[in-house]
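Order-wise, the sequence lines are chains F and Z.
Per numbering that gives the first Met the number 0, residue 0 is the first one in the first sequence, and the count goes up by one each step.
Per numbering that gives the first Met the number 0, residue 0 is the first one in the second sequence, and the count goes up by one each step.
Just so it is clear, CB atoms sit at the ideal spot from N, CA and C, and this is done for glycine as well.
There are 2 protein chains.
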Amino acid sequence: MAKTLSIDGKRLYSSLARLGKVGAYKDETAGVIGVNRLALTAADGEGRRLVTKWFREAGLRVTVDKIGNVYGRRRGREDHLAPVMLGSHIDSVPTAGRFDGCLGVLGALEAVRTLNDVKAATRRPLVVAYFTDEEGCRFGTDMLGSAVATRRLPLERAYALKDRDGLTVKGELKKIGFLGHEPVGRLRPHAYLECHIEQGPTLRHKRRDVGVVLGVQAISWAELTITGKSAHAGTTPMSFRRDAGLTASRLNAALREMTLSGRYGRDMRAAMGMIRLTPNMVNVVPGRAVCTVDLRNPSDALMAKAEADFARLCRKVADQDGLAVASRRTAKTPHVPFDESVQALIADRADRLGLSHEPILSGAGHDAQEWSRVCKTAMVFVPGERDGISHNPREFSTLKQCADGVNVLLGAALVLAEEA
Amino acid sequence: MAKTLSIDGKRLYSSLARLGKVGAYKDETAGVIGVNRLALTAADGEGRRLVTKWFREAGLRVTVDKIGNVYGRRRGREDHLAPVMLGSHIDSVPTAGRFDGCLGVLGALEAVRTLNDVKAATRRPLVVAYFTDEEGCRFGTDMLGSAVATRRLPLERAYALKDRDGLTVKGELKKIGFLGHEPVGRLRPHAYLECHIEQGPTLRHKRRDVGVVLGVQAISWAELTITGKSAHAGTTPMSFRRDAGLTASRLNAALREMTLSGRYGRDMRAAMGMIRLTPNMVNVVPGRAVCTVDLRNPSDALMAKAEADFARLCRKVADQDGLAVASRRTAKTPHVPFDESVQALIADRADRLGLSHEPILSGAGHDAQEWSRVCKTAMVFVPGERDGISHNPREFSTLKQCADGVNVLLGAALVLAEEA
Chain F
0 MAKTLSIDGK RLYSSLARLG KVGAYKDETA GVIGVNRLAL TAADGEGRRL
50 VTKWFREAGL RVTVDKIGNV YGRRRGREDH LAPVMLGSHI DSVPTAGRFD
100 GCLGVLGALE AVRTLNDVKA ATRRPLVVAY FTDEEGCRFG TDMLGSAVAT
150 RRLPLERAYA LKDRDGLTVK GELKKIGFLG HEPVGRLRPH AYLECHIEQG
200 PTLRHKRRDV GVVLGVQAIS WAELTITGKS AHAGTTPMSF RRDAGLTASR
250 LNAALREMTL SGRYGRDMRA AMGMIRLTPN MVNVVPGRAV CTVDLRNPSD
300 ALMAKAEADF ARLCRKVADQ DGLAVASRRT AKTPHVPFDE SVQALIADRA
350 DRLGLSHEPI LSGAGHDAQE WSRVCKTAMV FVPGERDGIS HNPREFSTLK
400 QCADGVNVLL GAALVLAEEA
Chain Z
0 MAKTLSIDGK RLYSSLARLG KVGAYKDETA GVIGVNRLAL TAADGEGRRL
50 VTKWFREAGL RVTVDKIGNV YGRRRGREDH LAPVMLGSHI DSVPTAGRFD
100 GCLGVLGALE AVRTLNDVKA ATRRPLVVAY FTDEEGCRFG TDMLGSAVAT
150 RRLPLERAYA LKDRDGLTVK GELKKIGFLG HEPVGRLRPH AYLECHIEQG
200 PTLRHKRRDV GVVLGVQAIS WAELTITGKS AHAGTTPMSF RRDAGLTASR
250 LNAALREMTL SGRYGRDMRA AMGMIRLTPN MVNVVPGRAV CTVDLRNPSD
300 ALMAKAEADF ARLCRKVADQ DGLAVASRRT AKTPHVPFDE SVQALIADRA
350 DRLGLSHEPI LSGAGHDAQE WSRVCKTAMV FVPGERDGIS HNPREFSTLK
400 QCADGVNVLL GAALVLAEEA
C-alpha cells in the first residue's frame with residue numbers, strides 16, 4: 000500500500016495558502032505579503048482554531064495539553080500501542096512566509112486525509128500534532144511546547160516566561176483559549192517524524208528532491224545587557240562617553256569576524272538579530288543596549304570554544320570601552336543526532352518514490368530534536384527556492400517540492416505504524 | 000539698580016524642582032528619578048499649563064502662537080519699543096534631568112518675579128518665552144518652535160512633521176491645547192538672551208562660575224535606512240547573508256574611528272544615538288536597519304569634510320556588505336556666532352557680580368541660534384556637576400550655580416532693556 004499511496008498535493012498546497020492568510024501583512028522590505036503569527040498572539044489563536052477545525056473534520060480526536068500543544072489522534076487497529084507522531088508548529092517569526100512549520104503540520108494532516116480517502120487503517124494509532132511557540136521569538140525560549148511535553152523544561156518555568164511587555168506564557172495561553180487540561184510529559188510515541196522546509200540553499204543547489212536529516216546543529220543564544228551612560232550627544236566630549244550602542248556595534252562586528260576566522264569550523268554561524276538601545280534618540284549617547292547573540296555549530300566542541308572566546312571578547316571590549324557587559328544564556332541545545340534506522344527508512348521510501356535525496360544537517364532548531372530524547376526520531380527536508388530563504392515573506396517551496404516531502408513522510412509513517 | 004538687584008535662588012530652585020515632577024519617572028539605568036516630557040505629549044502639556052499659570056501669576060500677559068510657542072509679556076515704560084526677550088524650552092528628551100531648558104525659562108520668570116518684588120520698571124517691555132520642541136527627539140527636527148517663529152522653517156512644513164507613530168505636530172499641538180492663534184514670524188525683539196546649563200564638563204573643570212557663549216557649533220543629523228535581507232539565523236550560510244544590523248554596527252564603529260582620527264579637528268563629535276532593526280528578533284538576520292548619525296563640529300569646513308567622508312564610507316560599506324544604504328538629512332545648522340557686544344555685556348555683568356567667567360562654544364543646539372538671525376543674541380552658561388552630564392536624569396547644577404547664571408541674565412537684560 001505504502002508504495003502506491005500518494006497525497007493530494009493541491010489540497011495540501013491550498014491548505015498552506017489558507018493558513019498563510021491568518022496573520023498576513025504587507026511586508027515593505029520584501030515587497031510581498033508576509034505572515035506574522037507570533038506565538039500566543041491573537042493571530043496564533045486564529046491559526047490554531049482553523050487547524051484544529053481541520054483536524055476535527057479529518058476525524059481526529061483533538062486534545063490540548065497544559066502548555067497548549069494540540070494533538071489530533073487517529074485510531075489504530077491495535078489502538079493500545081504507542082502512536083506514531085507526526086508534527087511541527089504553526090507559530091511564526093514576525094516576518095515569516097507560509098511554509099516554516101506549517102508544512103509539517105498540514106503535511107501530516109494531508110497524510111491523514113489521504114488515508115481517510117482510501118479508508119486505510121494502520122496498526123498503531125497516528126497522532127498529528129502542533130507544538131506551542133517553536134520559534135521562541137516572543138518569550139525567548141524556542142521549542143517551548145515540545146520541550147515541556149518531553150520534560151526538558153518544567154511546566155511552571157515555561158508558564159512564568161514573559162514577553163517584553165511583561166505578559167506571561169500562561170496568561171497568553173489562557174487569553175487565546177489554548178490553556179489545555181492534558182497533563183504534559185507522559186506521551187511516549189513509538190516514533191516521531193517531521194517534514195520541514197530546509198530553510199537554506201543546499202538541497203536546491205544540489206538539485207535534490209528531499210533531504211534526509213542527520214540531526215540538528217548545536218544552538219546557543221545569549222542576551223547581552225550593556226550598561227554605559229546616557230549623555231548629550233552634542234556637548235559630551237568623546238573621551239567622556241560610555242556609549243552602550245557603540246559597544247554592541249563593536250561586538251556585532253567582532254562576531255562576524257569570528258565566523259570568518261575559520262577557527263570554529265567552516266559551518267559556524269552567528270547573528271546579532273536584536274539590538275535595543277535606551278533611550279534610542281538621535282541626540283543622546285545610548286546609556287544601555289540589550290542585544291542578542293545566536294550561535295550555531297555542528298560541533299559541540301567548536302561551539303564551546305566559540306562561546307568561551309566570545310565571552311572573553313565581551314570582557315575585553317567592555318574594558319576598552321569602560322562599561323559593563325552582562326550576558327545571560329537564553330537557549331542552549333547540543334548537537335542532536337537523529338535515529339539512523341529512521342533515516343534509512345526515509346531514504347528507502349524516497350528511493351521507492353523515485354525521489355533523489357541527500358543527507359543534511361539541520362541549521363535550525365526543530366521540535367523533532369526534543370522528541371528525539373523520547374522516541375526514535377528523524378526528519379524529511381524539502382528544498383526552498385530563492386536560496387532557501389526563510390524567516391522572510393519570500394520563503395517559497397513549489398507544490399511538487401512540498402508534495403514530494405509529504406509523500407516520503409507518509410511512506411515512512413506507514414512503515415513505522417506497522418511495526419510491532 | 001542692576002548692580003544690586005539679586006534674584007531669589009531658593010524660589011528659582013524650588014520652581015525647577017516642581018516642574019521636574021511633571022513627567023517624572025524612575026530611571027533604571029541612572030538609579031534616580033528622571034524627567035520625560037517629550038514634546039507635545041501629555042506630560043509636555045501638563046508642564047506647559049503649570050509654567051503658563053506661573054507666567055500669569057507673575058503678571059505676564061500670555062499669548063500662544065501658531066506653532067505653540069508661549070510668550071509672557073511684561074510692560075515697559077516705553078511699551079511700544081521692541082522687547083528684550085528671555086527664553087528657552089521646557090520639553091525634554093525621554094531621559095532628562097530637570098535643568099536642560101527649564102533653567103532658561105524659569106530663570107527668566109524668576110528675573111520677572113524679582114523685578115515685581117521691587118516694583119521695578121524697565122524702559123523696554125520684557126518677554127519671557129518657551130519654544131515648542133527644542134529637543135527634536137520626537138519629530139526629527141530640533142529648535143522647531145523657534146525655527147518657525149524666526150521664519151527658517153515654514154509653518155505648514157512644521158505642522159506636517161510626523162512622529163514614528165504617524166502623529167503630526169499640528170494634531171499633537173491641538174491635542175494638548177497649545178495650537179495658538181498668534182501669527183508666527185512677526186516678532187522682532189530688540190535682543191534675545193538665554194541662560195542654559197552647559198551640558199558638558201568644561202566650566203566645572205575650569206572652576207568658572209558662568210560661561211559667556213561664543214556661539215553654537217555646526218550640527219548635522221542624518222537618518223540612514225539600510226536595506227538588506229531578513230533571513231533565518233540558523234540555516235542561512237554566512238556568505239548568503241545581507242545583515243542590515245551588521246552594516247549599521249560597522250558604520251557606528253567607523254564613525255567613532257573618524258572622531259579619533261583627528262582629521263576633522265579635535266572637537267568633532269559623533270554619535271549613532273538610534274538603531275532600529277527589523278524584525279529585531281534573536282533568530283532572524285535583520286533585513287532592515289534605520290539609524291541616526293549626529294555630527295557636531297565648531298568648524299563648518301571640517302563638518303563638510305566629515306559629512307562627505309562619512310557619505311563615502313556608507314557607499315563603501317554598502318558595497319562590501321552587498322546592501323543599500325540611503326541617507327536623509329534631518330537637521331543641519333551651520334556654526335552660529337553670537338553677538339559680540341552682548342557677549343561683552345554678559346562678561347561685564349559677571350565681573351560686577353564678582354563671578355568668574357569663561358568664553359565657551361556651545362556643543363548643543365539652542366533656541367538662541369534661531370533668534371540670532373533676528374536680533375542681537377547671546378547666552379549665559381551655567382556649569383554642571385558630574386562632568387556636566389545632561390540628557391540624563393543625573394544632570395545636576397547647584398542652587399548657587401543656577402542663581403549665578405540667572406543673576407547675570409537679569410543684569411544683562413536690564414541693561415539691554417534701557418537701550419534706546
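Buried or exposed: where does residue i fall if 16 or more other Cβ atoms within 10 Å of its Cβ makes it buried?
i, result
"residue 238 of chain Z", "exposed"
"residue 403 of chain F", "buried"
"residue 85 of chain Z", "buried"
"residue 368 of chain Z", "buried"
"residue 197 of chain F", "buried"
"residue 412 of chain Z", "buried"
"residue 44 of chain F", "buried"
"residue 399 of chain F", "exposed"
"residue 188 of chain Z", "buried"
"residue 216 of chain F", "buried"
"residue 342 of chain Z", "buried"
"residue 39 of chain Z", "buried"
"residue 318 of chain F", "exposed"
"residue 30 of chain Z", "exposed"
"residue 389 of chain F", "buried"
Name the chain Z residues that come within less than 7 Å of residue i, Cβ to Cβ?
i, result
"residue 32 of chain F", "Chain Z residues near residue 32 of chain F: none, gap ~15 Å exceeds 7 Å."
"residue 229 of chain F", "28, 94, 390 and 391"
"residue 363 of chain F", "231, 233 and 234"
"residue 226 of chain F", "28"
Between residue i and residue j, which are expected to be in contact by the criterion C-beta below 8 Å, what is the C-beta distance as a whole number of angstroms?
i, j, result
"residue 135 of chain F", "residue 279 of chain Z", "Between residue 279 of chain Z and residue 135 of chain F the Cβ distance is about 14 Å, and since that is not below 8 Å, they are no contact."
"residue 251 of chain Z", "residue 245 of chain F", "6 Å"
"residue 15 of chain F", "residue 97 of chain F", "5 Å"
"residue 174 of chain Z", "residue 167 of chain Z", "With 8 Å as the limit, residue 174 of chain Z and residue 167 of chain Z do not qualify as a contact, their Cβ atoms being about 10 Å apart."
"residue 273 of chain F", "residue 276 of chain Z", "7 Å"
Give a yes or no on whether 8 Å exceeds the smallest Cβ distance from residue i to chain Z.
i, result
"residue 197 of chain F", "yes"
"residue 203 of chain F", "no"
"residue 239 of chain F", "yes"
"residue 146 of chain F", "no"
"residue 223 of chain F", "no"
"residue 236 of chain F", "yes"
"residue 233 of chain F", "yes"
"residue 3 of chain F", "no"
"residue 210 of chain F", "no"
"residue 44 of chain F", "no"
"residue 404 of chain F", "no"
Taking C-beta pairs closer than 8 Å, name the residues in chain Z that residue i reaches, listed in chain order.
i, result
"residue 184 of chain F", "By Cβ distance, chain Z contributes nothing, its closest Cβ being about 26 Å from residue 184 of chain F, past 8 Å."
"residue 436 of chain F", "A query on residue 436 of chain F cannot be resolved here, the shown segment of chain F reaching from 0 to 419 and no further."
Contact criterion: CB-CB distance below 8 Å. Does residue i meet it with respect to chain F?
i, result
"residue 293 of chain Z", "yes"
"residue 140 of chain Z", "no"
"residue 220 of chain Z", "yes"
"residue 301 of chain Z", "no"
"residue 310 of chain Z", "no"
"residue 401 of chain Z", "no"
"residue 200 of chain Z", "yes"
Just to make sure I have the definition right: I need the residues of chain Z whose C-beta is within less than 9 Å of the C-beta of residue i. Which are they?
i, result
"residue 103 of chain F", "What residue 103 of chain F touches in chain Z: nothing, since even the nearest Cβ is about 15 Å away."
Just to make sure I have the definition right: I need the residues of chain F whose C-beta is within less than 9 Å of the C-beta of residue i. Which are they?
i, result
"residue 136 of chain Z", "278, 280, 281, 282 and 283"
"residue 249 of chain Z", "248, 251, 252 and 255"
"residue 40 of chain Z", "The premise fails here: residue 40 of chain Z is roughly 14 Å from chain F at the closest Cβ pair, so nothing lies under 9 Å."
Name the chain F residues that come within less than 7 Å of residue i, Cβ to Cβ?
i, result
"residue 370 of chain Z", "The premise fails here: residue 370 of chain Z is roughly 18 Å from chain F at the closest Cβ pair, so nothing lies under 7 Å."
"residue 287 of chain Z", "28"
Near-chain C residues of the stretch 374-399 of chain F - C-beta to any C-beta below 8 Å: Among the chains of the structure shown, chain C does not appear; the protein chains present are F and Z.
Check distances from the C-beta atoms of the stretch 253-280 of chain Z to those of chain F and list, in chain order, the residues that come in under 9 Å. 254, 255, 258, 259, 266, 267, 268, 269, 270, 271, 272, 273, 274, 275, 276, 277, 278, 279 and 280
Under 9 Å (Cβ pairs) to chain F, residues found in the stretch 312-331 of chain Z: Answer in chain order: 329 and 330.
For the stretch 59-73 of chain Z, list every residue whose C-beta sits within 8 Å of some C-beta in chain F, in sequence order. none
Scan the stretch 348-359 of chain F for residues whose Cβ lies nearer than 9 Å to a Cβ of chain Z and list them as they occur along the chain. So nothing in the stretch comes that close.
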